[in-house]
Structures are given as C-alpha cells and as structure tokens.
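**Student:** Once you've had a glance at the structure underneath, I'll fire off some questions.
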C-alpha cells in the first residue's frame, strides 16, 4: 500500500470523464488500497481515482468518526437524491489552499460495484452523501468549484493562482 501523488490543477485529466471498470481484479483492489492510504494521509473523507491520475471509475469514501470504514466503489451512480440540501465546506488536494461552501443533496441512494464484485445499493446521509457526490463529480471530470457561480468560481481560481 502506498500514498500516491495528486494530479495538480489544471491537468486535463481532472476535466476528463473516467472509464468504467469492467471487473474487479487484484489490480483494482490494490488501487483502492493505495487510494485509502492517500486519502488517510491528506486527511480526507473521499478520493476519486482521477485525482491520482488513474482514469478509472473508482472511488473511496470514509466519513466515519473512527476511520477505517472506507467504502470501495467501482462505477458509482446516484439513483436518487433528497430534495433537502446541506451546505459543506469543500476542497480538493488537486487545488490546495482554497475551498468553498457547496450545497448538495443531504442524502443520496447510490449504486456501485464493491470490492467483491457485487452490485450494491446504499443510502448515504450527511458527510457520506456529500463525499460520494464530490467523488462522482471527479469521475465525471468536474471539480467542486464548477458548482459555484461564475463570479465565485473565478475568484476562487484567482486566489489559487496567487498561492502558487
């Protein structure tokens, strides 16, 4: 298991949709293990494979208080999202030093393939739901700041450039 480096913004891989995973192999499981190590080292509550340059629809999420409860997901999709929204301060290690409050559905029902190759349907609430939505955005070539107004997004990116 290894901590992997992050792809720096504005690398085009962060704007590219990741490829679906056809089957769960030992290689996929090893990538998930590296992703969990990388997420824990941040520390963070989720990570999508494109963030570390792996262009596959893989994500890990662990919003537990005690840690060590990471959900490994291949090809995650949101089936249903609540009408109630929740604000959360989001950031990305791909664009360090900046963050923004993003409003997302408070709860989601997600489907994915787990580490055993089984199709799973799971209801997630709160930070778990926020994180899985954030990771799916990454898998679709979107960043959290794409959910901001143009003015707020431009201000955030200007601030990030000044930090470099």
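Numbering (my numbering), first residue to last: 2 to 165.
Just so it is clear, CB atoms sit at the ideal spot from N, CA and C, and this is done for glycine as well.
#1: Taking DSSP as the reference, what is the three-state secondary structure of residue 162?
#2: Counting pairs of Cβ atoms below 8 Å between the region 23-42 and the region 84-91, do you hit three or more?
#3: From which residue to which residue does the beta strand (DSSP E) around residue 18 run?
#4: Can you look up residue 70 in the DSSP assignment and give me helix, strand or coil?
#5: Beta carbon of residue 161, beta carbon of residue 99: below 7 Å?
#6: Where does residue 91 land, buried or exposed, given buried means 16+ other C-beta within 10 angstroms?
#7: What separation, rounded to the nearest whole angstrom, lies between the Cα atoms of residue 128 and residue 46?
#8: According to DSSP, is residue 104 part of a helix, a strand, or is it coil?
#9: What residue range does the alpha helix (DSSP H) around residue 59 cover?
#10: Is it the case that the region 57-73 contacts the region 146-161, given that we only count it when at least three CB pairs across the two stretches are under 8 Å?
#11: If I measure Cβ to Cβ from residue 80 and keep anything under 6 Å in the same chain, skipping five residues before and after, which residues do I get?
#12: According to DSSP, is residue 152 helix, strand or coil?
#13: Let me know the secondary structure DSSP gives residue 79 once reduced to three states.
#14: Can you give me the Cβ contacts of residue 77 inside the same chain, cut-off strictly under 8 Å, excluding the 5 residues immediately before and after it?
#15: Using DSSP bridges, identify the partner residues of residue 113.
#16: Excluding the five sequence neighbours on either side, which residues of its own chain have a C-beta within less than 8 Å of the C-beta of residue 102, listed in chain order?
#17: Under the assumption that residue 115 contacts residue 73 (Cβ atoms under 8 Å), give the Cβ distance between them as a whole number of angstroms.
**Tutor:** Quick answer:
#1: In this structure, DSSP gives residue 162 a helical state, which the three-state scheme calls helix.
#2: With the cut-off at 8 Å, the region 23-42 and the region 84-91 do not touch.
#3: Where residue 18 is concerned, there is no enclosing beta strand (DSSP E), given that its DSSP letter is neither H nor E.
#4: Coil.
#5: At a Cβ-Cβ threshold of 7 Å, residue 161 and residue 99 count as neighbours.
#6: Residue 91 is classed as buried because its beta carbon has at least 16 other beta carbons within 10 Å across all chains shown.
#7: Straight-line spacing of the CA atoms in residue 128 and residue 46 works out to 8 Å.
#8: Looking at residue 104 - three-state DSSP - the assignment turns out to be strand.
#9: Counting along the chain, residue 59 sits inside no alpha helix (DSSP H); it lies in the beta strand (DSSP E) bounded by residues 59-62.
#10: Contact annotation: the region 146-161 does not touch the region 57-73, with fewer than three C-beta pairs closer than 8 Å.
#11: Hits under 6 Å: 110 and 112.
#12: Looking at residue 152 - three-state DSSP - the assignment turns out to be helix.
#13: DSSP places residue 79 in strand when its eight states are reduced to three.
#14: Contacts found: 58, 60, 111, 112, 113, 133, 136, 137 and 140.
#15: According to DSSP, residue 113 bridges with 121.
#16: Same-chain partners within the cutoff: 88, 89, 90 and 91.
#17: In this structure residue 115 touches residue 73 by the C-beta definition: roughly 6 Å separates them, less than 8 Å.
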